[in-house]
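Residue numbers (the UniProt record's numbering): 1 to 415. Quick reminder that beta carbons are idealized off the backbone N, C-alpha and C, glycines included.
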């Protein structure tokens with residue numbers, strides 16, 4: 001209790017303890033007194049905004065182990081706990097020490113749900129709570145001006161033009177994505193796609209034999225995190241049988257034969273080079289350290305530069321791959337299929353095509369950026385129903401699919 005005594009003595013705290021006394025009714029005098037206390041509490045809150053410690057949640061009822069939506073408590077605390085210094089934790093936030101709004105048990109349960117949701121839900125589940133129409137409306141505002149192209153991405157565009165002209169190999173510029181353990185960082189799936197043609201260089205599960213790692217290498221791993229890692233592993237390797245499973249030596253061989261070299265320019269949909277670093281570590285462990293370049297180009301910052309917060313915005317525009325892709329290409333057959341390495345590569349490639357179109361003056365763009373706020377109902381024939389849905393003509397995504405099975409059969413018959 002010495003910590004709390006020091007806090008009180010310093011005067012650097014905000015204590016908004018609620019009055020938990022109950023009664024059948026209040027007299028007018030009591031109502032006036034309550035109103036006065038409420039006004040005084042508001043004044044105290046404003047006066048103590050710069051204090052180092054906040055106990056604003058003290059005395060409140062714990063809202064339970066579920067998120068509170070629109071002010072509604074969806075799941076009551078099973079212990080009916082009152083928040084206090086002995087029932088909730090103090091934590092640091094933006095330089096202040098605050099008392100959490102949930103009891104220790106409910107906060108732990110909520111965190112567990114959030115972790116499991118983050119690593120195990122499908123992307124379609126991740127989109128169900130997203131207001132995509134609102135995001136499209138907001139994105140429309142970003143399309144009204146010519147987008148800025150940083151120098152590093154201009155280099156990418158220049159290389160792409162040389163590849164199109166036949167002056168460079170397609171593997172000079174590729175998109176990389178890996179799926180890996182959120183705990184051990186062990187790579188479980190890898191895909192590389194040529195940026196210009198969309199040709200798949202490699203798309204495979206990694207065969208680690210019995211050496212599957214779900215724990216940290218240097219310290220004890222909480223049981224919850226182990227279970228999260230195992231859940232991700234089951235999801236990734238559920239593709240076994242439909243996707244080839246190869247060892248590190250075979251991966252290195254396919255990358256070399258495909259034309260990947262230290263001179264290749266690698267693009268990743270991240271803030272940093274993590275996917276490349278994990279891929280380098282994977283191959284280096286097998287004695288192959290001469291394949292990947294040392295650096296790559298993370299792409300999210302290119303989009304963040306052109307999607308700033310406007311006046312009235314409460315948060316940054318979401319640049320999660322699955323969300324942004326659904327906004328830009330709402331009719332694509334790739335929507336909701338994220339967290340498969342080759343799908344993420346294809347989505348990244350198509351978003352780059354959109355970026356390049358937006359970097360042109362508005363009157364020179366090839367895509368129609370009138371964002372549709374609502375999906376259109378389309379009357380399909382029976383024949384149409386058996387073919388892949390294509391991206392709407394408003395934002396055509398070339399080479400999204402490599403042709404339907406029907407098209408391939410027709411080609412085979414002609415041959």
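For residue 191, list the residues DSSP reports as bridge partners. Position 191 of the chain shown holds residue 191. Looking at the DSSP assignment, residue 191 forms a beta bridge with 177 and 203.
Would you say residue 165 reaches chain B, if we count a Cβ-Cβ gap shorter than 7 angstroms as a contact? The structure shown contains no chain B; it holds only a single protein chain.
Closest Cα partner of residue 184 within the set 246, 350, 284 and 278: In the chain shown, the residue the question calls residue 184 occupies position 184. The shortest Cα separation from residue 184 among 246, 350, 284 and 278 belongs to 278.
Buried or exposed: residue 111, going by 16 or more other Cβ atoms within 10 Å of its Cβ? Counting from one through the chain shown, the residue named residue 111 turns up at place 111. Per the 10 Å Cβ criterion, exposed.
How close, in whole Å, do the beta carbons of residue 174 and residue 192 come, if the pair is a contact with beta carbons under 8 angstroms? For the purposes of this step, residue 174 is taken as residue 174 along the chain shown, with counting starting at 1. For the purposes of this step, residue 192 is taken as residue 192 along the chain shown, with counting starting at 1. 5 angstroms between Cβ atoms; contact.
Those runs of the alpha helix (DSSP H) which lie wholly inside the region 339-374 and span at least 4 residues: 341-358
Thinking just about the alpha-carbon of each residue, which of 238, 271, 241 and 296 is nearest to the one in residue 261? As a position in the chain shown, residue 261 is number 261, starting the count at 1. Among 238, 271, 241 and 296, the Cα nearest to that of residue 261 belongs to 296.
Where the alpha helix (DSSP H) containing residue 135 begins and where it ends: What you label residue 135 is simply residue 135 of the chain shown in a count that begins at 1. Here the alpha helix (DSSP H) through residue 135 covers 132-142.
State the start and end residues of the unbroken alpha helix (DSSP H) segment that holds residue 98. Position 98 of the chain shown, counted from the start, is the residue given in the question as residue 98. Residue 98 -> not in any alpha helix (DSSP H); beta strand (DSSP E) instead, spanning 96-99.
Looking at C-alpha atoms only, which residue of 144, 270 and 244 is the closest neighbour of residue 365? Taking the chain shown and counting its residues from 1, the one referred to as residue 365 is at position 365. That would be 144, whose Cα lies nearest to the Cα of residue 365.
Which residues mark the beginning and the end of the beta strand (DSSP E) in which residue 54 is found? Stepping through the chain shown from its first residue, residue 54 is reached at position 54. Residue 54 -> beta strand (DSSP E) spans 53-55.
Touch test, the region 215-223 against the region 161-179, Cβ-Cβ under 8 angstroms, three pairs minimum: no
Segment limits, beta strand (DSSP E) that includes residue 183: Along the chain shown, one-based indexing puts residue 183 at 183. Element bounds for residue 183: n/a, residue is neither H nor E.
Whether residue 195 touches residue 188 by CB criterion (7 angstroms): If you number the chain shown from 1, residue 195 lands on position 195. If you number the chain shown from 1, residue 188 lands on position 188. For residue 195 and residue 188, no; Cβs fall outside 7 angstroms.
Going straight from the alpha carbon of residue 276 to that of residue 140, what length do you get? Here the question's residue 276 lines up with position 276 in the chain shown. Here the question's residue 140 lines up with position 140 in the chain shown. When rounded, the distance between both Cα atoms is 32 angstroms.
In whole angstroms, what separates the C-alpha of residue 86 from that of residue 302? By 1-based counting over the chain shown, the position of residue 86 is 86. By 1-based counting over the chain shown, the position of residue 302 is 302. Cα to Cα, residue 86 sits roughly 47 angstroms from residue 302.
Among residues of its own chain, excluding the 5 on either side of residue 106, which ones have a beta-carbon nearer than 6 angstroms to its beta-carbon? As a working note, residue 106 is residue 106 in the chain shown. Same-chain partners within the cutoff: 62, 64, 65 and 77.
Can you check DSSP and say which residues form a bridge with residue 240? The sequence position of residue 240 within the chain shown is 240, counting from 1. Per DSSP, 243.
Three-pair Cβ contact test at 8 angstroms for the region 220-236 versus the region 266-274: no
Segment limits, beta strand (DSSP E) that includes residue 92: Translated into positions along the chain shown, residue 92 becomes position 92. Element bounds for residue 92: 90-93.
Compute the beta-carbon to beta-carbon distance between residue 235 and residue 204, rounded to the nearest angstrom, for a pair I have assumed lies under 8 angstroms. Here residue 235 refers to the residue found at position 235 of the chain shown. Here residue 204 refers to the residue found at position 204 of the chain shown. In fact, because the Cβ distance is near 16 angstroms, the residues do not count as touching under 8 angstroms.
Does DSSP put residue 485 in a helix, in a strand, or in coil? Nothing can be reported for residue 485: it is not among the residues displayed for the chain, which extend from 1 to 415.
Hey, could you find the ends of the alpha helix (DSSP H) residue 156 is sitting in? Working through the chain shown from its first residue, we reach residue 156 at position 156. Unbroken alpha helix (DSSP H) run through residue 156: 151-164.
Are the region 283-291 and the region 254-268 touching by the rule of at least three beta carbon pairs closer than 8 angstroms? yes
By Cβ distance below 6 angstroms, which residues in the same chain neighbour residue 359 in space, the five residues on each side in sequence not counted? Reading the chain shown from its first residue, position 359 is the one you call residue 359. Here the set comprises 147 and 149.
Quick check on the burial criterion: 16 or more other C-beta atoms within 10 angstroms. Buried or exposed for residue 361? Start at 1 with the first residue of the chain shown, and residue 361 comes out as number 361. Under this definition residue 361 is an exposed residue.
Classify residue 267 as helix, strand or coil using the three-state DSSP reduction. Stepping through the chain shown from its first residue, residue 267 is reached at position 267. DSSP places residue 267 in strand when its eight states are reduced to three.
So which of 81, 80 and 101 has the shortest CA-CA distance to residue 54? Sequence index remark: in the chain shown, residue 54 carries index 54 (1-based). Measuring from the Cα of residue 54, the nearest candidate turns out to be 101.
Using DSSP with H/G/I as helix, E/B as strand and the rest coil, what is residue 68? In the chain shown, residue 68 corresponds to position 68, counting from 1. It is a strand residue.
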